[in-house]
Structure formats: C-alpha cells, structure tokens
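Chemist: Below is one structure. I have some questions about it.
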Amino acid sequence: MILETFPVGPLQCNCTILGDEEAGEAIVIDPGDEIGRIQRRLTELNLKLKQILVTHAHIDHVGGALKLKRLTGAPILLNENDLPLLKMMDMQAGWLGIAPPEVAPPDASLDEGLKVGLERYPAHVLHTPGHTQGSVCLHFAPLKMVIAGDTLFAGSIGRTDLPGGNGKQIIDSIQTRLMALPDETSVLPGHGPSTTIGDERQRNPFLRIR
Ligand SMILES: [Zn+2]
Numbered sequence: 503m504i505l506e507t508f509p510v511g512p513l514q515c516n517c518t519i520l521g522d523e524e525a526g527e528a529i530v531i532d533p534g535d536e537i538g539r540i541q542r543r544l545t546e547l548n549l550k551l552k553q554i555l556v557t558h559a560h561i562d563h564v565g566g567a568l569k570l571k572r573l574t575g576a577p578i579l580l581n582e583n584d585l586p587l588l589k590m591m592d593m594q595a596g597w598l599g600i601a602p603p604e605v606a607p608p609d610a611s612l613d614e615g616l617k618v619g620l621e622r623y624p625a626h627v628l629h630t631p632g633h634t635q636g637s638v639c640l641h642f643a644p645l646k647m648v649i650a651g652d653t654l655f656a657g658s659i660g661r662t663d664l665p666g667g668n669g670k671q672i673i674d675s676i677q678t679r680l681m682a683l684p685d686e687t688s689v690l691p692g693h694g695p696s697t698t699i700g701d702e703r704q705r706n707p708f709l710r711i712r
C-alpha cells in the first residue's frame, strides 16, 4: 500500500495519494493545488488514477480537481450539497486574493454510504455536514483510517462561519458519525497533523461543550 499525505497550496490543504502498487491504481483525495507535483508522484509510483475524491467544495480542497481530471481522465466525486459553493468559486478566490481556478460539476455525488476507493482499499462515505453542507469524511474501515476533510482536526474542528457552515451541525456530525468509530482509527484531517479518534474523544476541547 502507498499512502502519502502532503500539504498543497497557500492554505496547506492535506492532499492524499492512496495507491495499490500490485493493481497499479490510485485515488487522490483533495487535490487543492500543486497538480503538477501530484501527477509527477503518480507517474513515479507507476499508478493509474481511478478517482478524484473531494471532501468539500472549498477552493483549497477542490481547486486543482478539474486540472487533475483533464490530465488523468479520472472522475471527480463531490457531495452534491456543496454544488452552491462550487458555483461561488470566484467569491472564494476573492477571499484569498487569488485567481479563481476553473471548476466543473462533479461526475458523481459522494452520497452517504457510497462505496469508493480501490478494490483492496475501499472506503464508505460519511456525510458530515457542518463545515459545509456537503462535507464528507471517508472511512477506510479495513485500514482503520478516516479522511476527515475540514470536519475534525487534531485538537480542533472546522470553522463554521463561512457560507453553508453550521456550528451545531458540525458538533452533531462529529459526535454521531466520527465518535462512533473505534478509538484506534487514525484521522487524517484536511489541515495539520494526523490524530486518532481516541485522542480526539479524550482531548478535543470542542467536543466537551454541548
Ligand atoms: Zn474547508
């Protein structure tokens, strides 16, 4: 198994490459920027890209998805509840003072329960609204790993003050969906260091206030 996570772009969004070297296949999660670097890595590893999975439609997570699709032919999957945010890409670029990237509607919606990923490394979609209405986490149960997007961070949670954000909803999503996972589940957040469900259950200050 190949699992590489590295921050991309000005907001340092964690982009993840998950690959199966035997099958020669990979998925990429949250290709927000630095698409040349991502594609170079896939080429070096001899992996054909099967899916582009986007945890939510904020510019730092979705900004490079269309470029990567054009280079590889892989479909883009994004929860349909974030389509309004995808249409606001000019405004999102304005928040950062950068040129808006070209975006297109996803090829499929990352709906609750959908099975995605690779044959040997499948994931199920957990719809976890709150940071945005279409925010999802990807639970790779056999790998004891969850890709959390901007829903849960080490010691923190995603902001809810942007359009589509809801503070009560994000806590509810984390408590009912993520905290239902086993303690040993590793968490790869959309920004910053990795953590585990058990560590966040014990130490995350945002999960104590209810
Ligand atoms: Zn975000």
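602 is the number that this note's numbering gives to position 100 of the sequence shown; each next residue is one higher, with no gaps. For each residue, glycine too, the CB sits at the ideal point set by N, CA and C. Model, not experiment: these values are computed from the prediction.
Indicate whether the contact test is met: 3 or more Cβ pairs, each with one atom in the segment 601-620 and one in the segment 654-661, closer than 8 Å.
Modeler: With fewer than three CB-CB distances shorter than 8 Å, the segment 601-620 does not count as touching the segment 654-661.
Chemist: So, using beta-carbon positions, are G534 and H563 closer together than 7 Å?
Modeler: Residue mapping note: residue 534 aligns to position 32 of the sequence shown, counting from 1. Residue mapping note: residue 563 aligns to position 61 of the sequence shown, counting from 1. Contact flag set, yes.
Chemist: Looking at the secondary structure, which residues open and close the beta strand (DSSP E) in which K617 lies?
Modeler: On the sequence shown, residue 617 is found 115 positions in, with the first residue counted as 1. K617 to G619 is the extent of the beta strand (DSSP E) around K617.
Chemist: Should R521 and L549 be called a contact, given that it needs their Cβ atoms to be closer than 7 Å?
Modeler: In the sequence shown, residue 521 corresponds to position 19, counting from 1. In the sequence shown, residue 549 corresponds to position 47, counting from 1. Per the sequence presented here, residue 521 reads as Gly, with Arg not at that position. Contact annotation: G521 and L549 have beta-carbon atoms nearer than 7 Å.
Chemist: Is H560 near ligand 2, going by C-beta to nearest heavy atom under 6 Å?
Modeler: The ligand content of the structure shown is limited to ligand 1, which means ligand 2 is not among them.
Chemist: Give me the Cβ distance between I672 and H633, rounded to the nearest whole Å; I'm assuming they're in contact under 8 Å.
Modeler: The residue given as residue 672 occupies position 170 in the sequence shown. The residue given as residue 633 occupies position 131 in the sequence shown. Yes, I672 and H633 are in contact; Cβ-Cβ is about 6 Å, under 8 Å.
Chemist: Given a threshold of 16 other Cβ atoms within 10 Å of its Cβ, counted over all protein chains shown, does G692 qualify as buried or as exposed?
Modeler: Here residue 692 refers to the residue found at position 190 of the sequence shown. Buried.
Chemist: For the 8 Å Cβ check, are there 3 or more pairs between the segment 619-633 and the segment 698-710?
Modeler: no
Chemist: Nearest-angstrom Cα distance between A567 and V648?
Modeler: Along the sequence shown, read from residue 1 onward, the residue named residue 567 stands at position 65. Along the sequence shown, read from residue 1 onward, the residue named residue 648 stands at position 146. Looking at the two C-alpha atoms, the distance is approximately 21 Å.
Chemist: Look up M593 in the DSSP assignment and say whether it is helix, strand or coil.
Modeler: Here the question's residue 593 lines up with position 91 in the sequence shown. DSSP places M593 in helix when its eight states are reduced to three.
Chemist: Rounded to a whole number of angstroms, what is the C-alpha to C-alpha distance between L588 and G511?
Modeler: On the sequence shown, residue 588 is found 86 positions in, with the first residue counted as 1. On the sequence shown, residue 511 is found 9 positions in, with the first residue counted as 1. Looking at the two C-alpha atoms, the distance is approximately 18 Å.
Chemist: Using a Cβ-Cβ distance under 7 Å, would G669 count as near chain D?
Modeler: Given the protein chain composition of this structure (a single chain), no chain D is represented.
Chemist: According to DSSP, is S675 part of a helix, a strand, or is it coil?
Modeler: The residue labelled residue 675 in the question sits at position 173 within the sequence shown. In the structure shown, S675 sits in a helix (DSSP, three-state: H, G or I).
Chemist: Compute the distance between the beta-carbons of L551 and T574, then report whether it is under 7 Å.
Modeler: By 1-based counting over the sequence shown, the position of residue 551 is 49. By 1-based counting over the sequence shown, the position of residue 574 is 72. Between L551 and T574, the C-beta gap is smaller than 7 Å, which places the two residues in contact.
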